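Chemist:
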Amino acid sequence: MISAEKCRIHATACKELASSVDIPTQRSLEQSIMALNWEALADQIDRENSQATEAAFRKHGISSAAFYKWMAKYGGPGCRNSCW
207 MISAEKCRIH
217 ATACKELASS
227 VDIPTQRSLE
237 QSIMALNWEA
247 LADQIDRENS
257 QATEAAFRKH
267 GISSAAFYKW
277 MAKYGGPGCR
287 NSCW
């Protein structure tokens, strides 16, 4: 399971990338949204005793399959490395 700490690390990386001046506006917006999603998930994990469950994903409107697919695409070794 992913931890709240890892979610916050991904959120920070996404925020840094979103504030980069050398990326297109659309990509910056996408990175900002991803950072918010990571932060929301971290908060949810904290509220549920640091365990991400399918119920936590559903509360945010994310199926577990979609979450893991999204994480594989954007969240791998770090947002900065996997988004490009």
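To get the working numbering, take the position in the sequence shown, counting from 1, and add 206. Built from N, CA and C at the ideal position, the CB exists for glycine as well. Being a predicted model, the structure only gives us computed values, none of them experimental.
#1: Alpha carbon to alpha carbon, what distance is there between S234 and C213?
#2: Relative to the C-alpha of A224, which residue among I208, E211, D249, L242 is closest?
#3: State buried or exposed for M240, treating a residue as buried only when at least 16 other CB atoms are found within 10 Å of its CB.
#4: Is it buried or exposed for S256, if we count other Cβ within 10 angstroms and need 16 for buried?
#5: Can you tell me which of the three DSSP states M240 falls into?
Modeler: To lay it out plainly:
#1: Sequence index remark: in the sequence shown, residue 213 carries index 7 (1-based). Sequence index remark: in the sequence shown, residue 234 carries index 28 (1-based). Near 19 Å, if we compare the C-alpha coordinates of S234 and C213.
#2: The residue given as residue 224 occupies position 18 in the sequence shown. Checked all of I208, E211, D249, L242; the closest Cα to A224 is L242.
#3: One-based indexing of the sequence shown puts residue 240 at position 34. With 16 or more other Cβ atoms within 10 Å, it is buried.
#4: Taking the first residue of the sequence shown as 1, we reach residue 256 at position 50. Any reading at S256 must be qualified, since the residue scores a pLDDT of 41, below 50, and its modelled position is unreliable; no value is offered.
#5: Taking the sequence shown and counting its residues from 1, one reaches residue 240 at position 34. If DSSP states are grouped into helix, strand and coil, M240 belongs with the helices.
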